[in-house]
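Peer 1:
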Amino acid sequence: MINPKNTFFAKFAILLIAVFFANNLQAQKSSTYFTDINGKQCGESDASFKRTVNKSAGRWLVHDYYMNDTMQMRGTYLNKKLTIETDTFYYYRINGRLYYSVVYVNGLRDGDSKTYYPTGVLEQSIHYSKGKISGKTTFYDRNGYVEKEWLNADESTFNAFNSQATYHKGPQDFLYYMERMEYPKNDLSNDSIARMLVSFEITETGKVNDAEIILHGTKEMDAAVLNQLYNSPLWKPAIKKGQPASSRFIMPLHFNIPDNDGFIKTDINISNTKIANLLYNSGLNDYNEGNYDKAIFKLNSAISRNSIESRFYYLLGLCYYKQKQNDMACEYWDIAGSIDKEIIDDKIRELCK
Numbered sequence: 002m003i004n005p006k007n008t009f010f011a012k013f014a015i016l017l018i019a020v021f022f023a024n025n026l027q028a029q030k031s032s033t034y035f036t037d038i039n040g041k042q043c044g045e046s047d048a049s050f051k052r053t054v055n056k057s058a059g060r061w062l063v064h065d066y067y068m069n070d071t072m073q074m075r076g077t078y079l080n081k082k083l084t085i086e087t088d089t090f091y092y093y094r095i096n097g098r099l100y101y102s103v104v105y106v107n108g109l110r111d112g113d114s115k116t117y118y119p120t121g122v123l124e125q126s127i128h129y130s131k132g133k134i135s136g137k138t139t140f141y142d143r144n145g146y147v148e149k150e151w152l153n154a155d156e157s158t159f160n161a162f163n164s165q166a167t168y169h170k171g172p173q174d175f176l177y178y179m180e181r182m183e184y185p186k187n188d189l190s191n192d193s194i195a196r197m198l199v200s201f202e203i204t205e206t207g208k209v210n211d212a213e214i215i216l217h218g219t220k221e222m223d224a225a226v227l228n229q230l231y232n233s234p235l236w237k238p239a240i241k242k243g244q245p246a247s248s249r250f251i252m253p254l255h256f257n258i259p260d261n262d263g264f265i266k267t268d269i270n271i272s273n274t275k276i277a278n279l280l281y282n283s284g285l286n287d288y289n290e291g292n293y294d295k296a297i298f299k300l301n302s303a304i305s306r307n308s309i310e311s312r313f314y315y316l317l318g319l320c321y322y323k324q325k326q327n328d329m330a331c332e333y334w335d336i337a338g339s340i341d342k343e344i345i346d347d348k349i350r351e352l353c354k
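Heads up, the final residue of the sequence shown is numbered 354 in this note's numbering, and it's a clean run with no missing numbers.
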């Protein structure tokens, strides 16, 4: 004879198990998608990283991977939109070496942030409190020796020692200045002419110098762009080690093209892959001409847009080798070899033992 009490407890146990598994599945929700260099979701063809998101205990655990599946970042967010960081975030180079870490509390930097040279040597350590620089801040040279240190630094102290060149209200303001220039609109007869890529230097005095066009339009368009660049109002120059310093920029330019019906075409962005390849080819020309600093800048810019091309790192290693910085050269060759073992020859292996 079936005992009703036993039947009740059996059904109750099954219900508890079902609730447990349902809650566990809810707590472990996960998703995977591609992101661009700015962390925005995109298609695989435009992606710089592959992201996995796992929700657990009211937090979102995020891992970003390079497109060859090595880890680029790991960190935790407090909200589904991934806008409120918490705890420590870690960022890695493609060969697995740590290059940056930072502590967050409720979306604000709150604790030490540390940046590392490609060789693994600590480059700088900055302490934050509620999103602002506050406390001990230290800069190190490539050998690990203290270059500059403050016991009670703040934002102004930091910026007076190390800051980027700026144009009035920022990059978008300069882009607006460039794109409102006068140019021969009758030349804009196809999409390729509407997209250009320029490189230029901002000198210690804030002037535009050494401007070059990497992705060309027509001769008339090229001339108009160079004229606009060289007639730019003064920038506020970069500060390095407390002194005004020159710095370089890469800027894509997009010019609107009316179609036959008078509508403006807007889908004319240059893909990151194309920009990276253009920068590599231009950097290769600089290398062949002995302009190693320019080549290093362009190659680093290429890597920021396409981080899994072994030839980018290989050429970067050659540039540092030419500058007699063998430790840096070997680090970048190590990264190149981690992507493609065949790219490194026996001579380099012997040098970097």
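Glycine included, each C-beta is placed from N, C-alpha and C at the ideal position.
Drop a sphere of 10 angstroms on the beta-carbon of R181, count the other beta-carbons inside from all chains shown, and report buried for 16 or more, exposed for fewer.
Peer 2: Exposed: under 16 other Cβ atoms inside 10 Å.
Peer 1: Under the assumption that E205 contacts P238 (Cβ atoms under 8 Å), give the Cβ distance between them as a whole number of angstroms.
Peer 2: Yes, they are in contact, since the Cβ atoms of E205 and P238 sit about 5 Å apart, within 8 Å.
Peer 1: Compare the beta carbon distance of V104 and G97 with 7 Å and say whether it is the shorter of the two.
Peer 2: No; because the gap between Cβ atoms is not below 7 Å, this pair is not in contact.
Peer 1: Note down, one range per segment and in chain order, each beta strand (DSSP E) of at least 3 residues found wholly within the stretch 196–228.
Peer 2: Taking only runs of at least 3 residues, the beta strand (DSSP E) segments lying wholly in the stretch 196–228 are 196–203 and 209–216.
Peer 1: Among residues of its own chain, excluding the 5 on either side of N69, which ones have a beta-carbon nearer than 6 Å to its beta-carbon?
Peer 2: Once the five neighbours on either side are set aside, the close Cβ partners of N69 are I309.
Peer 1: Which of the three DSSP states is assigned to Y118 in this structure?
Peer 2: Correct three-state label for Y118: coil.
Peer 1: Is S248 near the ligand MN, with its Cβ less than 6 Å from a heavy atom?
Peer 2: Looking for the ligand MN in the displayed structure turns up nothing, as the structure carries no ligands at all.
Peer 1: Exposed or buried, what is S57 when buried is set at 16 or more other beta-carbons lying within 10 Å of its beta-carbon?
Peer 2: Exposed: under 16 other Cβ atoms inside 10 Å.
Peer 1: Would you decide whether L123 is buried or exposed? Buried here means 16 or more other CB atoms lie within 10 Å of its CB.
Peer 2: L123 is exposed by the Cβ-count criterion.
Peer 1: I need the straight-line Cα distance from L152 to G207, nearest angstrom please.
Peer 2: Distance between the alpha carbons of L152 and G207 is about 31 Å.
Peer 1: Report all residues from its chain with a CB closer than 6 Å to the CB of S248; omit the five preceding and five following residues, and keep chain order.
Peer 2: Contacts found: A166, I203 and A239.
Peer 1: Using only the alpha-carbon positions, how far apart do E156 and T53 sit?
Peer 2: If you take the alpha carbons of E156 and T53, they lie about 34 Å apart.
Peer 1: Which residues share a DSSP beta bridge with N55?
Peer 2: Per DSSP, S31 and L62.
Peer 1: How is F162 classed by DSSP in three states: helix, strand or coil?
Peer 2: Residue state, collapsed to three classes: helix.
Peer 1: Just checking my contact of T77 with T87 at CB under 8 Å: how many whole Å lie between their CB atoms?
Peer 2: The Cβ separation is near 5 Å, so the contact holds.
Peer 1: For N55, which residues from the same chain have a beta carbon less than 6 Å from its beta carbon, with the 5 sequence-adjacent residues on both sides left out?
Peer 2: Around N55: S31 and L62.
Peer 1: Just to confirm before moving on: does the CB-CB distance between T71 and I38 stay below 7 Å?
Peer 2: Against a cut-off of 7 Å, the Cβ pair of I38 and T71 comes out as no contact.
Peer 1: At 4 residues or longer, and completely inside the stretch 275–331: list those alpha helix (DSSP H) runs for me, N to C.
Peer 2: Within the stretch 275–331, the complete alpha helix (DSSP H) runs of at least 4 residues are 293–306 and 311–323.
Peer 1: Spell out a yes or no on whether the stretch 311–318 and the stretch 296–303 are touching, meaning 3 or more CB-CB pairs, one atom from each, closer than 8 Å.
Peer 2: With the cut-off at 8 Å, the stretch 311–318 and the stretch 296–303 touch.
Peer 1: By alpha-carbon positions, which one of D335, L352, I276 and L300 ends up nearest to K325?
Peer 2: Measuring from the Cα of K325, the nearest candidate turns out to be L352.
Peer 1: Whole angstroms are fine: how far does the CA of I214 sit from the CA of L227?
Peer 2: About 8 Å.
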